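Trainee: Mapping of the sequence shown onto mature numbering (1 follows the signal peptide of the UniProt record, and there is no 0): residues -21 to -1, 1 to 285, in sequence order.
Ideal Cβ placement from N, Cα and C applies to all residues, glycine included.
Keep in mind that this is a model prediction, so the values were computed, not measured.
Right, I'll just put the structure down here and ask away after.
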Amino acid sequence: MSRLFLVAIVLLGMSSTVAMAQTVRFETNVGSFDMVLNPDDDPNLQPLVDNLIAYVGLGRYHFTAINRAVDGDNDDPSDDFVLQMGGFLGFQPTPDLWPQLSTPVERLPEAIVDADGDGAVDFNSITNSRGTVSLALAGGDVNSGTSSFFINLGDNDFLDDQGFVPFAEIVNMNTIDSIMELDQVDLSDEFGSPGNLTFIDVPVTEEDKLVVVKRAFVVEADEDFSFVGPIASALQLQNRGSASSAFSSPGSASLESAISGSAAQISTSVPEPSTAWLLAPLALWGVSRLRRRKLLATPMQDELKY
């Protein structure tokens, strides 16, 4: 009875609230940046907006690592590609504690942009230009986007035809550019996947720390904004037959099937980091790692602080 009552409340919130958050702020240990959702008020983007707002409302972006900063030349920002985050937790205990504490980002059902199942996005959207934000995808599946997203660092319009749908934009790119100026390390060997694009450009600070989103929260929204609608929409309660299925674990087999197998093959792909077993080596990034550019003198700290 209590579960049915909870579902009823959630559905009531969906029907009474048009949830359209305007701006989400991401605070990192390098600086903050603001993300404006659906800047052109395109109703087709609502599933993508609801998806991100649901993760924000559930606190699932807190302490997630920025895992990909694709930078061809540290001194030349014109060849920067994307900055990707949202797929991995970035808690930083001592390496010997990591195997006990590693946890993947708990994912919601995938955001659907291809309702008719023909393999193509059902609508036209803005292009993947500098400052726009799109969900990462797995294996070219346009309906595979979940928590992981990337910020375009240049005009990447060639991604438009690959199913990457921009649904937000970054107002001020200063913090993003600062992150891109950091060194990157190649962790693909430690992840047991040499050359995997998901792990070859992990940015680190001068203190030898991962770049981590400490928290994400809504800073500007409509007066009637509520997290209830987006969370319910992301959980797809409208299409569930019972209370128990409505609140099923997002770590189901269907979600775990999205593997980024194409990552090592397509240099411009933005794969979804989806395999939980790959998380543990992220904490061991300070041991036997390869610097892509310069070696820093600061030693690894036993306990990293933000």
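Rounding to the nearest angstrom, what Cα-Cα distance links residue 152 and residue 37 in this structure?
Mentor: Roughly 26 Å between the two C-alpha positions.
Trainee: Restricting to Cα atoms, I'd like to know which of 1, 161, 47 and 143 is closest to residue 60.
Mentor: Ranking 1, 161, 47 and 143 by Cα distance to residue 60 puts 47 first.
Trainee: Given a cut-off of 7 Å on the beta-carbon distance, is the pair residue 161 and residue 181 in contact?
Mentor: Going by C-beta atoms, residue 161 is not nearer than 7 Å to residue 181.
Trainee: Thinking C-alpha only, which one of 103, 94, 134 and 141 is nearest residue 115?
Mentor: Answer by Cα proximity: 141.
Trainee: By Cβ distance below 7 Å, which residues in the same chain neighbour residue 12 in space, the five residues on each side in sequence not counted?
Mentor: So the qualifying residues of the chain are 5, 149, 151, 154 and 155.
Trainee: With a CB to CB cut of under 6 Å and the five nearest residues on each side skipped, what residues in its chain are close to residue 212?
Mentor: Hits under 6 Å: 29.
Trainee: Under the DSSP definition of a beta bridge, which residues are partnered with residue 5?
Mentor: The partner list for residue 5 (beta bridge, DSSP) reads 12 and 195.
Trainee: Starting from the Cα of residue 339, find the closest Cα among 202, 67 and 23 and give me that residue.
Mentor: No answer is possible for residue 339: it lies beyond the span of the chain, which begins at -21 and ends at 285.
Trainee: For my contact list, residue 106 and residue 58 are in at a C-beta cut-off of 8 Å; report their separation, rounded to the angstrom.
Mentor: Their Cβ separation, rounded to whole angstroms, is 19 Å, which puts residue 106 and residue 58 out of contact at 8 Å.
Trainee: Quick one: any contact between the segment 88 to 96 and the segment 117 to 131, if contact means 3 or more CB pairs under 8 Å?
Mentor: Touching, yes, given that three or more Cβ pairs across the two stretches are closer than 8 Å.
Trainee: Please determine, among 63, 26 and 127, the residue with the shortest C-alpha to C-alpha distance to residue 329.
Mentor: Any property of residue 329 remains undetermined from this structure, which presents the chain solely from -21 to 285.
Trainee: On a CA-only basis, which of 137, 195 and 203 is nearest residue 10? Give me that one, please.
Mentor: For residue 10, the nearest C-alpha among the options comes from 195.
Trainee: In the DSSP assignment, the beta strand (DSSP E) including residue 45 goes from what residue to what residue?
Mentor: 43 to 50 is the extent of the beta strand (DSSP E) around residue 45.
Trainee: So what does DSSP say about residue 125, is it helix, strand or coil?
Mentor: DSSP places residue 125 in coil when its eight states are reduced to three.
Trainee: Please state whether DSSP places residue 328 in a helix, a strand or coil.
Mentor: There is simply no residue 328 to check, as the chain begins at -21 and stops at 285 in what is shown.
Trainee: Between residue 41 and the rest of its own chain, which residues show a CB-CB distance below 8 Å, the 5 nearest in sequence each way excluded?
Mentor: 192, 193, 194 and 195, listed in sequence order.
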